[in-house]
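**Student:** Before I ask anything, here is the structure I am working with.
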Amino acid sequence: MSKRMIALAMIIIMLLVPARVLASEAPRQEISNLTIFSSDQLFKTPFNQATYYFTLQPYFHASGQCFLDLNYTHSSILDYEASNISILFNGIPIASRKFSQEDAENGSWRVDLPIGNFAQGINQIQIATKQNTGGSNNQDIDNTGNWVVLSPHSNLHLELAADTTGLSTYPYPFLNPFTQDPVHSTWYLPNNTNVDDIKSMLDTAADWGSKEPYQPLKLNVKVGKVNSGDDNKILFGQLKELPGTGKPVLPPQVGVISFNSNSPQGVGDTLLVSGTDPVGLSKATASLSNPDTLKQSKGNTLIVQNALTPSQAQKQRIGLAGSYTLADLGYSDIVLGGVFHQQTSIVLNRPLNWQPGSASYINVHFRHSVQLDPGKSALTVYINGIPVKSTSLDANNADNGELHLNIPESELNKPTWTVNFSFMNYMNVNASTNRYDEVAWSVLCADTEIYLAPGAINNSWGLADFPTISRPGQPSTQATMWLSAQPDQEELTLAAIIAARAAQKGQKVDWHIVLGSETKAENNGPVIMLGYTQEKDRLAGLRKFIPAWPDQNGSYEVAPFVSFIPSQNNVAALIEAAISPWNKQQALFVVLGTKADSLSKAAEVLTSSKLADQVNGQLTVISADGTITALTSSAETKTNQPNIIQQKPILGYAAIIGAVILFMFFSLWLVRKRNKGGNP
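Start counting the sequence shown at 729; every next residue gets the next number (my numbering).
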């Protein structure tokens, strides 16, 4: 068995590394510019502080220029001799400056970050101000002229280096969380790809979605021969399907993961996810999503003989829909030392296309010094600048305080939530210039809980749920991805994007793949069908269920609620939602392109946060020019219902007109009668 394993490893090496090195010899350089605030940060008390966190992965270290580019404005009545701003990096002060009249309207400050201060894991940047307008600190607490605003245009510039790349650094360099477009690779499937290859690819896409839950993942899947001009590449498929492997005699049910770095030649890195058969490929895919397995691998080729047991499976990333804590997001206890006002902010991103329900809440855990004045010390929590709830800081909550607050309904569907924890550490120290950190302090605890409840879902499925394919309370589900008999690159790319988006929304999906015109009616889960309007056989059985389907005249037949639809010449893609004909409790989603490259329009929409939120109703039409039109049956039903309010005035007018006419006839009759009576 060992000789066969060695032979297998040699085959993989020969396949990927003809006359090339196996690991990167030169450090990889990565340049990143991170936005540190999503909105203006207002400081309006004598002592203020804002905190930004970022994670430095173990394979990265700071190199080159790393700096904070801070933009701000401030009140022109500040006492410049007594007011200043300071930057702390991982708790160490690194720069301070006074405010001045020159930077009141357009302050800009570049602060270099000492390379020696960087730490593996969570790093912390604090921006602290001392603000004084000439009076005592107590007077400036409620002084509306005492303000400083940090601009959302501030950013953190990082120049990082990775000394080595390999299986131990996966998913880097194929996925880089420090860039705005984190996907840095092209995925390849073999010619005549099968359901096992596609499932391996979809499971990897879902793993990436759980690892990077907030940024859109613009995946790109190709079929067939590898393009040497592509930068980084990931190859999926069984060994017998891949070119150049021949037919080696190898043990069955063996998985293979192999990494090769070709960066010195400028053609990127290659990752092979393979196996001797479908079982081996499945083992390799499962191991790829398990960071512990990859870290324990020796070298850049991993031979997988045993399947992962449930206890070895990777834990689903917390921090999406559901309950999680600040510790789950990587935060530790946050200390806010100093007298008077102290604050820290945490930015939470709403999962893509997820609509949280009104039961969503934050349960704040805190503790504080018992020396604080309980009558004047308090904790207030703001969400997107809105004060939500407060509590006093007294002896009852000094060791184990809790503050439960609901996320305001007005903010539930905002793309981000800036949560500001504002502590008033009050002590009777009038006009003092000291901070009294030793006795005036509060702590925001890492076990602070955030819960994102599922939003209201009607009995019928809609595209606002897409690709949410499980009901609340069903974090894990089986779903069918129904593709064309020979899916092209655009169709496979869209399938990967949908799998990644489902995982970004906290769903753990066991993907079942179907190719061709046959459907698997015995599958009781939701179904996502991808294809083209020309596939009449696949669409024939769905006409009774979906909102729109192509006819023979270059147009569409539509459900009664659809008020209009352009001709096929003007449509790039349709996204439809219906009840599954195989299980009335599940959804059927259909995405149809009108020609070879039109599904790329749907992929464009689903990888844009702004555009994805426009996908709604039971039918969304994506026109060739990029226009998005959403149609819903419920809106049309309401429109077509009799409007009693509008009908009542009409009936009233008719009654009045009728009465007038009757009165006129009666008056004429009286006049004629009198005239007759008056004649001799």
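Cβ coordinates follow ideal geometry from the N, Cα and C atoms, glycine included.
Measure the alpha-carbon distance for K1233 versus P941 and round it to whole angstroms.
**Tutor:** 7 Å
**Student:** Please report how far the alpha carbon of D959 lies from the alpha carbon of P910, in whole angstroms.
**Tutor:** 14 Å
**Student:** Is the separation between the beta-carbon of I1111 and that of I1090 shorter than 9 Å?
**Tutor:** yes
**Student:** Bridge partners for G819 per DSSP, in chain order?
**Tutor:** In DSSP, G819 forms no bridge with anything.
**Student:** Let me know if G844 comes out buried or exposed under the rule of 16 or more other beta-carbons within 10 Å of its beta-carbon.
**Tutor:** exposed
**Student:** What is the rounded straight-line gap between the Cα of G1244 and the Cα of I1256?
**Tutor:** 13 Å
**Student:** Mapping DSSP to helix, strand and coil, what is L1327?
**Tutor:** helix
**Student:** Between the region 926-940 and the region 1218-1236, do three or more beta carbon pairs fall short of 8 Å?
**Tutor:** With three or more CB-CB distances shorter than 8 Å, the region 926-940 counts as touching the region 1218-1236.
**Student:** Is the beta carbon of Y942 within less than 8 Å of some heavy atom of the ligand HEM?
**Tutor:** With respect to the ligand HEM, the structure offers nothing, as it holds no ligand at all.
**Student:** Among L1334, W1169 and S1212, which residue has its Cα nearest to the Cα of T1196?
**Tutor:** L1334
**Student:** Between which two residues does the beta strand (DSSP E) carrying Q984 extend?
**Tutor:** For the sequence presented, residue 984 should be read as Val rather than Gln. From DSSP, the beta strand (DSSP E) with V984 extends over G983 to S989.
**Student:** With DSSP as the reference, please indicate the residues paired to H1132 in a beta bridge.
**Tutor:** N1091
**Student:** Return yes when the Cβ of L1009 is within less than 9 Å of the Cβ of G1027, no when it is not.
**Tutor:** no
**Student:** So, with DSSP's three-state summary, where would you put N883?
**Tutor:** N883: strand per DSSP, three-state reduction.
**Student:** Using a 10 Å radius around the Cβ and a threshold of 16 neighbouring Cβ atoms, would you call E758 buried or exposed?
**Tutor:** buried
**Student:** Jot down the residue ranges of each uninterrupted alpha helix (DSSP H) in the region 1233-1298, minimum 4 residues, whole runs only, in chain order.
**Tutor:** 1264-1268
**Student:** For L895, tell me which candidate among I853, F987, A832 and V1319 has the shortest Cα-Cα distance.
**Tutor:** F987
**Student:** M929 lies in the alpha helix (DSSP H); which residues open and close that run?
**Tutor:** V923 to K939
**Student:** What is the DSSP secondary structure of N871, reduced to helix, strand or coil?
**Tutor:** Coil.
**Student:** Determine the DSSP secondary structure at S1015, reduced to helix, strand or coil.
**Tutor:** When secondary structure is reduced to three states using DSSP, S1015 falls in the helix class.
**Student:** Distance, Cα to Cα, A810 vs Y1154?
**Tutor:** 20 Å
**Student:** Are the beta-carbon atoms belonging to G1259 and W1210 less than 9 Å from one another?
**Tutor:** Cβ atoms of G1259 and W1210: closer than 9 Å.
**Student:** At the level of alpha carbons, what is the spacing between V923 and K1312?
**Tutor:** 26 Å
**Student:** Output yes or no for whether 9 Å exceeds the beta carbon distance between L1107 and I1178.
**Tutor:** The answer is no: Cβ separation not under 9 Å.
**Student:** Could you tell me the boundaries of the beta strand (DSSP E) in which S1073 lies?
**Tutor:** F1068 to N1077
**Student:** Taking its Cβ as the centre, do 16 or more other Cβ atoms sit within 10 Å of G1269, making it buried, or is it exposed?
**Tutor:** exposed
**Student:** Decide if D931 is buried, meaning its Cβ has at least 16 other Cβ atoms within 10 Å, or exposed.
**Tutor:** So D931 counts as buried.
**Student:** Exposed or buried, V1092, counting other C-beta atoms within 10 Å across all chains shown (16 or more means buried)?
**Tutor:** V1092 is classed as buried because its beta carbon has at least 16 other beta carbons within 10 Å across all chains shown.
**Student:** Could you spell out the range, first to last residue, of the beta strand (DSSP E) harbouring A856?
**Tutor:** G849 to K858
**Student:** Which term fits G996, buried or exposed, when burial requires 16 or more other beta carbons within 10 angstroms of its beta carbon?
**Tutor:** buried
**Student:** Quick check: the Cα distance between P1182 and N1134, rounded to an integer number of angstroms?
**Tutor:** 14 Å
**Student:** Quick check: T893 and F771, are their CB atoms within less than 9 Å of each other?
**Tutor:** no
**Student:** Helix, strand or coil, according to DSSP, for N809 in the structure here?
**Tutor:** Strictly speaking, residue 809 in this sequence is Glu, with Asn absent from that position. Looking at E809 - three-state DSSP - the assignment turns out to be coil, as it is neither helix nor strand.
**Student:** Flag this pair as yes or no: are the beta carbons of R1078 and V1171 separated by less than 9 Å?
**Tutor:** In this structure, V1171 does not lie closer than 9 Å to R1078 by Cβ.
**Student:** Comparing C-alpha positions only, which one of D840, A847 and I926 sits nearest to L1220?
**Tutor:** From the listed residues D840, A847 and I926, the smallest Cα separation to L1220 is found for I926.
**Student:** With the cut-off set at 9 Å, would you say S882 and F795 are in Cβ contact?
**Tutor:** no
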